[in-house]
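Letter 168 of the sequence shown, counting from 1, is numbered 168 in UniProt numbering, and no numbers are missing. Read the structure below first, then the notes.
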Amino acid sequence: MKMSQLAFRPEKTPPKDAETVNHKLLVQAGFVRQLMAGVYTYLPFGLRTLKKIEQIVREEMDAIGGEEVLMPLLHPAEIWKTTGGWDSVDVLFKLKSRTDKEYALAQSEEEVVTPLMKEFIQSYRDLPRAVYHIQWKFRDELRSKSGILRGREFYMKDMYSWHETEEDFERFYNIVKEAYKKIFSRLGLDSKVTEASGGAFSEKISYEFEVLTDAGEANILYCQTCDFCVNVDDIQTYKEGDPCPRCGKDKLKSALASEVGNVFDLGQKYTKAFDLTYVDQKGERHYPVMGCYGIGVSRTMGVIVEKFHDERGIIWPENIAPFKVSLVSMKETAEKAAEIYKALTSAGVEVLWDDRDVAPGVKFADADLIGNPYRIVVGTKSLSMGGVELKKRDEEKTEIIPVEEVATRLSK
Ligand code: ATP
Ligand code: MG
């Protein structure tokens, strides 16, 4: 992509109303624009990164047998009245048509996916099943000031599963847990899983995947030695400084975190509400146990910015950066840069070429702000010796590499 041809460019200063790093940097670097609190447009850079995160999530859900669908955002009120959600879900956006028919906007999809699966789950042979989609959600959140961390409209992966028994849900949960750990580690994030709130005898078991960040809204207590972690809101049992109840080797530490994913044991609530049953081997009818599994795809993008930045801008992990390379050229070196641009793109390397007619200082500042992992500068001095300057976004050292080696080096 050539920057001279783009409508959307980085700004010199961050937006004045922004309170969080992700809001500041994503707007200033030209990744998103805010329409109103909690509602954002994704510009080309932002969309590229969002789609790359989405693709990593998709690969790992496919790998554990999730079947991808795309469900509607506009729901008839009836399905929400069937489960009681119409009156009890406080974040549900409700609307009326011009003929006074009532609708809800998707805040999640249990009410759609359960009746959908009635047709496809009939016998024990049809279980277990896992269906997911990656789609926008709408929630009437009271506060939405943390950039894309808490949207009124946000992008989520939500998967739903059906099982013969509670034990089978537990078995599958452990598979999903590993897949989630893999997703977050592919995104460069260390996720902590909170203990099931309520414990094994509670009706509603939930697990939360938390990433430490001061921009998050969750208060957690965690052990720095083993993987013990609890959400402070749910428990009165532990406090900071207590010895870890699991390993006993360390003291519990408190921290702020952002919930990037979670898992709920839904029991038979939805299968009963929509009368989804299966016939077992003896010919008896039962309600399957259901689980749901969310990942906040857009929130995760914001969390990554909160974790990976410096005073100059964003530092994207390579696999989700909008481009692998920022190519910077001067007026005098534009011709050579065009050759390098061509060589890189034909080698399959994603390049953002800053070919604008602006001062080199502006180009360097914008390359750092946008945060692609590599920067190549085509300068007159290095070019006179047949080379260009290569620098990694997260390192200070630069290196001169021969022009003809650029494509092979960067396509590795
Ligand atoms: P929170 O406690 O942060 O409100 P939640 O428990 O309401 O989250 P879920 O309904 O389980 O979340 O949604 C699944 C995932 O979607 C969450 O783990 C989170 O990553 C993301 N998410 C939830 N609400 C929002 C929001 N308003 N904006 C962005 N992402 C969200
Ligand atoms: Mg919520």
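Using N, Cα and C, we set each Cβ at its ideal position, and we do this for glycine too. Here the structure is a predicted model, which means the values were calculated and not measured.
Exposure of residue i, with buried meaning 16 or more beta-carbon neighbours within 10 Å
i: residue 139; result: buried
i: residue 288; result: buried
i: residue 231; result: buried
i: residue 265; result: buried
i: residue 229; result: buried
i: residue 305; result: buried
i: residue 91; result: exposed
i: residue 72; result: exposed
i: residue 359; result: exposed
i: residue 144; result: buried
i: residue 368; result: buried
i: residue 123; result: exposed
i: residue 380; result: exposed
i: residue 397; result: exposed
i: residue 84; result: exposed
i: residue 202; result: At residue 202, the pLDDT of 48 sits below 50, so the modelled position is not reliable; the number obtained from the coordinates is stated separately. Residue 202 is exposed by the Cβ-count criterion.
i: residue 236; result: exposed
i: residue 291; result: buried
i: residue 313; result: buried
Residue i beta carbon near ligand 1 (any heavy atom closer than 8 Å)
i: residue 183; result: no
i: residue 41; result: no
i: residue 444; result: Because residue 444 is not part of the residues shown, which for the chain are 1 to 412, the question remains open.
i: residue 53; result: no
i: residue 319; result: no
i: residue 151; result: yes
i: residue 31; result: no
i: residue 290; result: no
i: residue 284; result: no
i: residue 118; result: no
i: residue 213; result: no
i: residue 218; result: yes
i: residue 262; result: yes
i: residue 299; result: yes
i: residue 295; result: yes
i: residue 61; result: no
i: residue 38; result: yes
i: residue 134; result: no
i: residue 326; result: no
i: residue 209; result: yes
i: residue 90; result: no
i: residue 126; result: no
Cβ neighbours of residue i in the same chain (closer than 6 Å, five flanking residues each side left out)
i: residue 378; result: 329, 333, 336, 337 and 388
i: residue 346; result: none
i: residue 250; result: 223, 224, 225 and 244
i: residue 390; result: 376, 399 and 401
i: residue 363; result: 328 and 354
i: residue 14; result: 24 and 28
i: residue 370; result: 29
i: residue 366; result: 10
i: residue 199; result: Residue confidence is low: residue 199 scores 47 on pLDDT, short of 50, so the model does not pin down where it sits. No coordinate-derived value is stated.
i: residue 94; result: 104
i: residue 67; result: 131
i: residue 272; result: 287
i: residue 39; result: 152 and 153
Neighbourhood of residue i by C-beta distance below 7 Å, restricted to the same chain and skipping five residues each side
i: residue 176; result: 64, 263 and 293
i: residue 57; result: 134, 157, 183, 295 and 297
i: residue 69; result: 131 and 133
i: residue 48; result: 322
i: residue 386; result: 402 and 403
i: residue 194; result: 207, 208, 210, 220, 229, 230 and 231
i: residue 315; result: 308, 309, 371, 393 and 394
Test: residue i CB closer than 9 Å to a CB of chain C
i: residue 92; result: As a matter of chain content, chain C is missing from the structure shown, which is built from one protein chain.
Close beta carbons around residue i, own chain, < 8 Å, minus the five adjacent residues each side
i: residue 120; result: 126 and 129
i: residue 179; result: 60, 61, 63 and 64
i: residue 18; result: 24, 27 and 147
Proximity test, residue i beta-carbon vs ligand 2 heavy atom, cut-off 8 Å
i: residue 170; result: no
i: residue 141; result: yes
Requested in this report: Evaluate the contact criterion for the stretch 284-296 versus the stretch 258-268: three or more CB pairs, one atom per stretch, below 8 Å.
Outcome: yes
Query raised in the report: Any contact of the stretch 161-169 with the stretch 119-138, i.e. 3+ C-beta pairs under 8 Å?
Result: yes
Query - Inter-stretch contact at 8 Å, needing at least 3 Cβ pairs: the stretch 225-243 / the stretch 275-285 - result: As far as the Cβ criterion goes, the stretch 225-243 does not touch the stretch 275-285, which means the pair count is below three.
Report task. Report yes or no: do three or more beta-carbon pairs, one from the stretch 43-53 and one from the stretch 385-403, lie closer than 8 Å? Result -> no
Report task. Decide if the stretch 141-161 is in contact with the stretch 74-86; the criterion is three or more beta carbon pairs, one per stretch, under 8 Å apart. Result -> no
Query raised in the report: Counting Cβ pairs closer than 8 Å, one from the stretch 352-366 and one from the stretch 2-22, do we hit at least three?
Result: yes
Query raised in the report: Would you call the stretch 95-110 and the stretch 18-35 touching, i.e. three or more CB-CB distances under 8 Å?
Result: no
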